[in-house]
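Residue numbers for the sequence shown follow the numbering used here, so the first one is 32 and each next one is one higher.
Shown next, in structure tokens, is the structure this report addresses.
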Amino acid sequence: MGGGFRYAPEVRRSTSRSRFLLDAARRRRGGRATLSALTTGLFLVGAGLFSYPLLTDLYTDRFVQGQLAEEFGDLQPTTAEAWQPTMVAGSPLTRIEIPALDVDTIVVAGTTPAALRAGAGHYPDTPLPGTVGNVGIAGHRTTYGKPFNRLDELGVGDEIWLSTPVGDHRYVVTAPPSDGDCAPTETGAACITHPRDWSVVAPSNDALLTLTTCHPKGSAAQRLVIRAALADSHPPGTRAPQDPAPSTDA
32 MGGGFRYAPE VRRSTSRSRF LLDAARRRRG GRATLSALTT GLFLVGAGLF
82 SYPLLTDLYT DRFVQGQLAE EFGDLQPTTA EAWQPTMVAG SPLTRIEIPA
132 LDVDTIVVAG TTPAALRAGA GHYPDTPLPG TVGNVGIAGH RTTYGKPFNR
182 LDELGVGDEI WLSTPVGDHR YVVTAPPSDG DCAPTETGAA CITHPRDWSV
232 VAPSNDALLT LTTCHPKGSA AQRLVIRAAL ADSHPPGTRA PQDPAPSTDA
């Protein structure tokens, strides 16, 4: 008899069903593997997004600011006429303290992305602290130590100190700038403007200080601005200690 071996119809149907079930099982396993890989990927991305600000804060607080504080501490007291700071981007220039916000940060020269990894930087075309003109300082709000995280909480009358080898300069927060596009907020002394509004750091005949940071938190869509005026200056080592904050205990 000619012809090859043939399965009986029942066997063929059974074999077909087995292959179908096997393929379905493989598809399910493949689908589960893909879903598992996708879930793992999303978890890692989420973990990265969550941990990035923490890592940059740790890097800035523990390493960058520590090194800058040492370099700033090595600067010798001098006079305003003799002071010639190194204006290379990233070099320590002044120390900013905002008692109401528990801020104590070394400000570097420049506002390039690399310089601002220190947390706060001095606008290069603005005057030095303690002098006539509009001193401009930009600072991070959510990363790299986030020194200006709570800048919107400042009110009129709050103090801001800028220390240099020349002395300690006390600025007092004023009402927000009335010129330009900066719109006052409902509370506090801040105003909000767009990133290209350079009028907030424009030259002035008065001794002013302008702090800027991104707004809202986590976005660079706008800028939050605080304006302060120089109240007085103290030679190095003559500044009186700050009074402790009043107790809130009953």
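Each residue gets a CB set at the ideal place from its N, CA and C atoms; glycine is no exception.
Is residue i near residue j, with beta carbons less than 8 Å apart?
| i | j | result |
| --- | --- | --- |
| ALA151 | PRO178 | yes |
| THR195 | ALA260 | no |
| ALA233 | ILE223 | no |
| PRO144 | HIS200 | no |
| ARG254 | LEU239 | no |
| VAL256 | PRO226 | no |
| ALA149 | THR244 | no |
| GLU102 | PRO116 | no |
| GLN98 | THR136 | no |
| LEU106 | LEU182 | no |
| VAL134 | HIS153 | no |
Excluding sequence positions up to five away, which residues of its chain have a Cβ less than 7 Å from the Cβ of residue i?
| i | result |
| --- | --- |
| GLU184 | LEU132, GLY219 |
| ASP210 | SER230 |
| ALA262 | ARG201, TYR202, VAL203 |
| LYS248 | ARG172, THR173 |
| SER82 | With a pLDDT of only 48 at SER82, under the threshold of 50, the placement of this residue in the model should not be trusted; the figure read from the coordinates follows. Cβ neighbours of SER82 beyond the five flanking positions: none. |
State the beta-bridge partners of residue i as determined by DSSP.
| i | result |
| --- | --- |
| SER264 | HIS200 |
| VAL95 | Its beta-bridge partners do not exist; DSSP assigns none. |
| HIS153 | ALA140, ILE168 |
| PRO215 | CYS222 |
| GLN253 | HIS246 |
| VAL135 | The identity of residue 135 in the sequence shown is Asp, whereas the question assumes Val. GLU128. |
| ALA259 | VAL204, LEU240 |
Along the alpha helix (DSSP H) that carries residue i, what are the first and last residues, could you check?
| i | result |
| --- | --- |
| GLY164 | Taken as a continuous stretch (DSSP letters only), GLY164 belongs to no alpha helix (DSSP H), being part of the beta strand (DSSP E) at 164–170. |
Would you mind giving the Cβ-Cβ distance between residue i and residue j, rounded to the nearest angstrom? I have them listed as a contact below 8 Å.
| i | j | result |
| --- | --- | --- |
| TYR175 | LEU147 | 7 Å |
| ALA140 | VAL119 | 6 Å |
| VAL166 | THR109 | That pair is no contact at about 18 Å. |
| GLU282 | PRO130 | Absent from the model: residue 282. The displayed extent of the chain is 32 to 281, so no value can be given. |
| SER235 | GLY164 | 6 Å |
So the beta strand (DSSP E) residue i belongs to, where does it begin and stop?
| i | result |
| --- | --- |
| ALA238 | 238–246 |
| PRO123 | 123–129 |
| TRP192 | 190–195 |
| CYS222 | 222–224 |
Spatial neighbours of residue i within its chain, please: C-beta separation below 6 Å, excluding the five flanking residues on both sides.
| i | result |
| --- | --- |
| ALA78 | With a pLDDT of 44 at ALA78, under the threshold of 50, the modelled position of that residue is not reliable, and no figure is offered here. |
| ARG270 | ASP199 |
| PRO267 | PRO108, GLY198 |
| THR125 | VAL138, PRO160, LEU193, THR195 |
| GLY121 | VAL139, ALA146 |
Between residue i and the rest of its own chain, which residues show a CB-CB distance below 8 Å, the 5 nearest in sequence each way excluded?
| i | result |
| --- | --- |
| ALA251 | PRO226, CYS245 |
| ASP212 | THR224, HIS225, ASP228, SER230 |
| TRP114 | LEU159, THR195, PRO196, VAL197 |
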